[in-house]
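*Asks:* Okay, here's the structure, questions in a sec.
Residue numbers (the UniProt record's numbering): 1 to 192.
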């Protein structure tokens, strides 16, 4: 509620619970969202000349990104997070596409994605900089009675990745299981 911009001049104490959920999430952006939230609510505590305090609940106070945020500030945190992204070859240093497929029996979706993966890797457009992970179950593997699987494609060149995807989409109907699944393509996915 405080992070949404409401002004409460008498608020002097703010607590952020389960910080570890953001620091150890499967989503590589979650620590950055936490840092933005922390910075925002810290600015809301202690207004109108009153001393403010922010309390964090964590089992890992030694976490490097948390230590940087608390003792060196947001700019140092952002630089460190960006350096980690570069080292791990995450955006903005690479581009991502997720192909997600789902079915009712948990059989056709992984088969379809494996066939798609094989098609992509056999494509003359694919090169040695293309990385394909999966098929793996989606983070929420079952939703609405449907089983969800995905593959992640990563490449340092956004343009090259688009060419690979466009070339593959032209052939996707040749995959035997393509009509037995519902599939979507997510370019620059926000969630894994």
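For each residue, glycine too, the CB sits at the ideal point set by N, CA and C.
All values reported here derive from a predicted model rather than from experimental measurement.
1) Compare the C-alpha of residue 66 against each of 31, 130, 93, 157 and name the closest.
2) Can you tell me where the beta strand (DSSP E) holding residue 154 begins and where it ends?
3) At what residue ranges does the stretch 106–187 contain a whole run of the beta strand (DSSP E), taking only runs of 3 or more?
4) Out of 100, 102, 83, 99, which has the shortest C-alpha to C-alpha gap to residue 93?
5) Looking at the strands, I want to know which residues DSSP matches up with residue 194.
6) Would you identify the three-state DSSP class for residue 16, choosing helix, strand or coil?
7) Taking the continuous alpha helix (DSSP H) assigned at residue 66, which residues delimit it?
8) Compute the distance between the beta-carbons of residue 131 and residue 114, then report whether it is under 8 Å.
9) Flag this pair as yes or no: are the beta carbons of residue 151 and residue 117 separated by less than 8 Å?
10) Locate the beta strand (DSSP E) running through residue 55, then write down its first and last residues.
11) Helix, strand or coil: which one does DSSP assign to residue 30?
12) Have a look at the DSSP bridge pairing and note the partners of residue 96.
13) Going by beta carbon distance, what residues of the same chain come within less than 6 Å of residue 76, once the five residues before and after it are set aside?
14) Are residue 104 and residue 146 close, meaning C-beta to C-beta below 8 Å?
15) Out of 26, 13, 29, 182, point me to the one whose CA is closest to residue 109's CA.
16) In whole angstroms, give me the CA-to-CA distance for residue 10 and residue 50.
17) Is residue 1 helix, strand or coil when you go by DSSP?
*Replies:* Per the coordinate set shown:
1) Start at 1 with the first residue of the chain shown, and residue 66 comes out as number 66. Checked all of 31, 130, 93, 157; the closest Cα to residue 66 is 31.
2) Against the chain shown, residue 154 aligns to sequence position 154. Residues 146–155.
3) 131–143, 146–155, 182–187
4) Here the question's residue 93 lines up with position 93 in the chain shown. Out of 100, 102, 83, 99, 83 has the C-alpha closest to the C-alpha of residue 93.
5) Only positions 1 to 192 of the chain appear in the structure, and residue 194 is not among them; the question remains open.
6) As a position in the chain shown, residue 16 is number 16, starting the count at 1. Strand, per DSSP.
7) In the chain shown, the residue the question calls residue 66 occupies position 66. Residues 64–72.
8) Numbered from 1 along the chain shown, position 131 holds the residue referred to as residue 131. Numbered from 1 along the chain shown, position 114 holds the residue referred to as residue 114. For residue 131 and residue 114, no; Cβs fall outside 8 Å.
9) Counting from 1 along the chain shown, the entry for residue 151 is found at position 151. Counting from 1 along the chain shown, the entry for residue 117 is found at position 117. Yes.
10) As a working mapping, residue 55 is identified with position 55 in the chain shown. Taken as a continuous stretch (DSSP letters only), the beta strand (DSSP E) holding residue 55 covers 53–56.
11) The sequence position of residue 30 within the chain shown is 30, counting from 1. Helix, per DSSP.
12) Within the chain shown, the letter at position 96 stands for residue 96. In DSSP, residue 96 forms a bridge with 154.
13) Your numbering for residue 76 matches position 76 in the chain shown. 68, listed in sequence order.
14) Here residue 104 corresponds to residue number 104 of the chain shown, with the count starting at 1. Here residue 146 corresponds to residue number 146 of the chain shown, with the count starting at 1. Yes; because the gap between Cβ atoms is below 8 Å, this pair is in contact.
15) On the chain shown, residue 109 is found 109 positions in, with the first residue counted as 1. Nearest of 26, 13, 29, 182 to residue 109, Cα basis: 182.
16) Position 10 of the chain shown, counted from the start, is the residue given in the question as residue 10. Position 50 of the chain shown, counted from the start, is the residue given in the question as residue 50. Each residue's alpha carbon lies about 8 Å from the other.
17) Position 1 of the chain shown, counting from 1, holds the residue named residue 1. Residue placement at residue 1 is flagged as unreliable, the pLDDT there being 48, under the threshold of 50; the coordinate-derived value follows with that caveat. Of the three classes helix, strand and coil, the one that applies to residue 1 here is coil, per DSSP.
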